[in-house]
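Student: Next up is a structure, given as structure tokens.
Numbering (the UniProt record's numbering), first residue to last: 1 to 128.
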């Protein structure tokens with residue numbers, strides 16, 4: 001089903017990324033609404049909701065309303081992303097994989113990469 005070259009992503013990977021993006025947007029919107037409610041009590045406005053994605057094909061699929069052949073196996077309930085991006089409720093930004101801080105929570109990383117990400121997140125070892 002996939003290709004051996006790097007020119008085209010495997011459809012299964014794109015589908016998985018798209019579904020994960022959909023779920024991340026749902027969670028992000030919930031947290032965003034909560035933050036806006038808290039800030040409303042202080043008469044401040046909340047920031048816009050930005051989601052950083054490292055899969056460019058996934059971002060392109062959300063912005064192009066054409067029914068992609070690659071997306072035909074994705075359940076329709078995940079396509080709300082397109083509407084939310086179009087309405088401006090969510091802003092998708094490309095983030096290089098090397099800069100993706102969330103990797104520390106989703107992947108097994110080599111020691112140096114783990115240390116780089118913990119430092120970037122401001123996580124330090126406790127001294128006893």
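Just so it is clear, CB atoms sit at the ideal spot from N, CA and C, and this is done for glycine as well.
#1: So, at 7 Å on beta carbons, what are the nonlocal neighbours of residue 101 in its own chain, with the 5 sequence-adjacent residues on each side left out?
#2: Count the other CB atoms, across all protein chains shown, that sit within 10 Å of the CB of residue 18; report buried if there are 16 or more and exposed otherwise.
#3: What did DSSP end up calling residue 63 once you bin it into helix, strand or coil?
#4: With distance defined between alpha-carbon atoms, name the residue in 37, 126, 77 nearest to residue 21.
#5: Would a C-beta distance cut-off of 7 Å place residue 51 and residue 25 closer than the cut-off?
#6: So for residue 53, helix, strand or coil by DSSP?
#7: For residue 29, tell me which candidate among 126, 63, 54, 88 has the shortest Cα-Cα distance.
#8: Could you spell out where the alpha helix (DSSP H) holding residue 117 opens and where it closes?
#9: Can you tell me whether residue 3 is buried or exposed, with buried defined as 16 or more other CB within 10 angstroms of its CB?
#10: Should residue 49 go down as buried or exposed, given a rule of 16 or more other Cβ atoms within 10 Å for buried?
#11: Tell me which same chain residues have a C-beta within less than 8 Å of the C-beta of residue 85, skipping the five on either side of it?
Tutor: Inspection of the coordinates gives the following:
#1: For this step, residue 101 is matched to residue 101 along the chain shown. The residues are 117, 120, 121.
#2: Residue 18 sits at position 18 when you count from the first residue of the chain shown. Per the 10 Å Cβ criterion, buried.
#3: The residue you call residue 63 lines up with position 63 of the chain shown. Reduced to three states, the DSSP call for residue 63 is helix.
#4: Residue mapping note: residue 21 aligns to position 21 of the chain shown, counting from 1. Per the Cα distances, 77.
#5: Sequence index remark: in the chain shown, residue 51 carries index 51 (1-based). Sequence index remark: in the chain shown, residue 25 carries index 25 (1-based). Against a cut-off of 7 Å, the Cβ pair of residue 25 and residue 51 comes out as a contact.
#6: Walking along the chain shown from the start, residue 53 turns up at place 53. Correct three-state label for residue 53: strand.
#7: Taking the chain shown and counting its residues from 1, the one referred to as residue 29 is at position 29. Cα-wise, what sits closest to residue 29 is 88.
#8: Walking along the chain shown from the start, residue 117 turns up at place 117. Counting along the chain, the alpha helix (DSSP H) containing residue 117 begins and ends at 111-121.
#9: For this step, residue 3 is matched to residue 3 along the chain shown. Because the pLDDT at residue 3 is just 47, under 50, the model does not fix this residue reliably, and the value given afterwards should be weighed accordingly. Residue 3 comes out exposed.
#10: Counted from its first residue, the chain shown places residue 49 at position 49. Of the other Cβ atoms in all chains shown, 16 or more fall within 10 Å of the Cβ of residue 49; this residue is therefore buried.
#11: For this step, residue 85 is matched to residue 85 along the chain shown. Within its own chain, the residues whose Cβ lies closer than 8 Å to the Cβ of residue 85, once the five positions on either side in sequence are excluded, are 62, 63, 91, 92, listed in chain order.
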